[in-house]
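For reference, the structure is listed below as structure tokens.
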Amino acid sequence: MPVSSMSSRAVSLRQCLRGNVRRLSVVLALALPVPAIAATTPCELPAWPLWQTYATRFVQADGRVLESSLENNHSTSEGQSYGMLFALIGNDQARFDKLWRWTSANLAGSATATRLPGWLWGQGTDGQWRLQDANSAADADLWIAYALLEAARLWHRPDYRQDALHLMATIEVQLVVTLPGLGPMVLPGPQGFVLPDALWRLNPSYLPLPLLRRLAKEAPNGPWQAIANNTATMIAQSSHHGFVADWVGYQGTSAQSGVFVSDPINGDTGSYDAIRAYLWLGMSDASEPLAALLLKRLDGMARSTVATGSPPETVRILHGSVQGQSPFGFWAALIPYLEAKGHPRLADQQRQRVELALQEALARPDADASPPRYYNFMLSLFALGWADKHYRFREDGTLKLSWETACTRTTAR
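If you want it as structure tokens, here you go:
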């Protein structure tokens, strides 16, 4: 998320199943009515009540995702991108298309061949509902391109592939820079991340390895393979005491060299952004060499969670100090990471806690005005969908989906 949103998001977020899966499925299914879905494939969809509940709570009929971590009823490109991915995993073609069309029309002015989606849409001080910040968020841009590529492959939609290729080309032009001594990297957004005196700001959680692998598969002559390698270098060299930072600086020291430093604005904090880096690494395919390397180095979060039973909300990575009680979205995000680190019992404990937290939140009469807020729900949907094998990432970044074996119209691998 662009720098202008970081402090407001952190404040808002601070305010705000292996367990009995059958029991949770019943609770989720009964908590809210399951919306009607236009069936476009001749198959029975594997039940995914949590996605149906998410879609009912957060996705409007026109395809706009209500992303509540900043302000109620506002929307972000991040929320749209995750919604597209979840709709694809759920084989929800009609909703996917609405999500994409709303994103294109309202965040990019229907000009996605040349324009990146702006990151924030909502009501301005003038009372008008419209795009409030045209600066893009690179993670959302990458997730949208990824979702479009996979939708094209799985649903036989060449138009989605063309949209993805246009978006990838625009990302290369507007966001990919060559850092001295490192090589190509993706800036978090077009504006605000190139500072004076050869200093750049980067975000480790914006660059999931499976996404970069998939883009490299689609465009083998592009920068994506190098960006994947450089992302691993960034995380390895900028993480201390086994923890990932939210934001990282890269300081050029000459025309051919540079070094990773603490972020000039947010320092060495690891919190609401960094938690996703553990999630992405844990969900990477077991044969992904870069993820395996990084998982060996990132012991801090596992050690802290083993010691206390719960991940911290905030880490000062230069000192390894931890503080704060994390929300349940953090517990969910660590489930794949703890599995990959060889802590299945601890992963199961986190899962049971997440299941209970979701049940309690959905059972409240004021559920719409209380947790789970968007971010907790989104992290839970990522982690629990993965744990229940609704989806997995292959080594080349493509998705392995539960409905592929049930539905007849899938693309040959």
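Residue 146 in numbering that gives the first Met the number 0 sits at position 147 of the sequence shown; the count goes up by one each step and never skips. All C-beta atoms, glycine included, are put in the ideal place defined by N, C-alpha and C.
#1: Rounded to a whole number of angstroms, what is the C-alpha to C-alpha distance between G191 and D132?
#2: I need the boundaries of the alpha helix (DSSP H) containing G82, first residue and last residue.
#3: How many angstroms separate the CA atom of N228 from the CA atom of L198?
#4: If you compare alpha carbons, which of Y205, A112, S135 is closest to L164?
#5: Compute the Euclidean distance between the alpha carbons of D140 and T304, then round it to the nearest angstrom.
#6: Going by the CB atoms, is the gap between F327 and G296 shorter than 8 Å?
#7: When burial is assigned at 16 or more other CB atoms within 10 Å of the CB, is H73 buried or exposed?
#8: According to DSSP, is L297 part of a helix, a strand, or is it coil?
#9: Could you check how far apart the C-beta atoms of L208 and A290 are, in whole angstroms? I think they sit under 8 Å.
#10: Are three or more beta carbon pairs between the segment 253–261 and the segment 332–343 nearer than 8 Å?
#11: Check each candidate in R372, S253, L280, S238 and name the one with the smallest Cα separation from I316.
#12: Rounded to whole angstroms, what is the Cα-Cα separation between D347 and T307?
#13: By Cβ distance, which residues of its chain are closer than 8 Å to R114, with the 5 residues on each side in sequence left out?
#14: Between the segment 136–153 and the segment 166–182, do at least 3 Cβ pairs fall closer than 8 Å?
#15: For L181 and G257, which I take to be in contact (beta-carbon distance under 8 Å), what is that distance rounded to the nearest angstrom?
#16: Report the partner residues of F329 according to the DSSP bridge assignment.
#17: Which value, in whole angstroms, describes the spacing of the CA atoms of T313 and A362?
#18: Could you say if the segment 371–390 and the segment 200–215 meet the contact criterion of at least three C-beta pairs nearer than 8 Å?
On the basis of the data shown:
#1: One-based indexing of the sequence shown puts residue 191 at position 192. One-based indexing of the sequence shown puts residue 132 at position 133. Taking C-alpha positions only, G191 is separated from D132 by approximately 12 Å.
#2: On the sequence shown, residue 82 is found 83 positions in, with the first residue counted as 1. Its alpha helix (DSSP H) spans residues 76–88.
#3: In the sequence shown, the residue the question calls residue 228 occupies position 229. In the sequence shown, the residue the question calls residue 198 occupies position 199. One Cα belongs to N228, the other to L198, and the distance between them is close to 20 Å.
#4: Residue numbering aside, residue 164 sits at position 165 when the sequence shown is read from its first letter. Relative to the Cα of L164, the nearest Cα in the group Y205, A112, S135 belongs to A112.
#5: Numbered from its first residue, the sequence shown carries residue 140 at position 141. Numbered from its first residue, the sequence shown carries residue 304 at position 305. Each residue's Cα considered, the two are about 32 Å apart.
#6: Walking along the sequence shown from the start, residue 296 turns up at place 297. Walking along the sequence shown from the start, residue 327 turns up at place 328. Note that residue 296 is Arg in the sequence shown, not Gly. Pairing R296 with F327 gives a Cβ-Cβ distance that is not under 8 Å.
#7: Here the question's residue 73 lines up with position 74 in the sequence shown. Result: buried.
#8: The sequence position of residue 297 within the sequence shown is 298, counting from 1. Three-state DSSP puts L297 in coil, outside helix and strand.
#9: Reading the sequence shown from its first residue, position 209 is the one you call residue 208. Reading the sequence shown from its first residue, position 291 is the one you call residue 290. The pair is a contact, with the Cβ atoms about 6 Å apart (cut-off 8 Å).
#10: Contact fails: fewer than three Cβ-Cβ distances are below 8 Å.
#11: One-based indexing of the sequence shown puts residue 316 at position 317. Ranking the options by Cα distance to I316, first place goes to S238.
#12: As a position in the sequence shown, residue 347 is number 348, starting the count at 1. As a position in the sequence shown, residue 307 is number 308, starting the count at 1. Near 15 Å, if we compare the C-alpha coordinates of T307 and D347.
#13: On the sequence shown, residue 114 is found 115 positions in, with the first residue counted as 1. If we look at R114 and ignore the five residues flanking it on each side, its Cβ neighbours are A107, G108, T169.
#14: Contact between the segment 136–153 and the segment 166–182 is present: three or more C-beta pairs spanning the two stretches fall below 8 Å.
#15: For the purposes of this step, residue 181 is taken as the residue at position 182 of the sequence shown. For the purposes of this step, residue 257 is taken as the residue at position 258 of the sequence shown. Confirmed, Cβ separation roughly 6 Å.
#16: Working through the sequence shown from its first residue, we reach residue 329 at position 330. As far as DSSP is concerned, F329 takes part in no beta bridge.
#17: What you label residue 313 is simply residue 314 of the sequence shown in a count that begins at 1. What you label residue 362 is simply residue 363 of the sequence shown in a count that begins at 1. The C-alpha of T313 lies about 29 Å from the C-alpha of A362.
#18: The answer is no - the segment 200–215 does not touch the segment 371–390, with fewer than three Cβ pairs under 8 Å.
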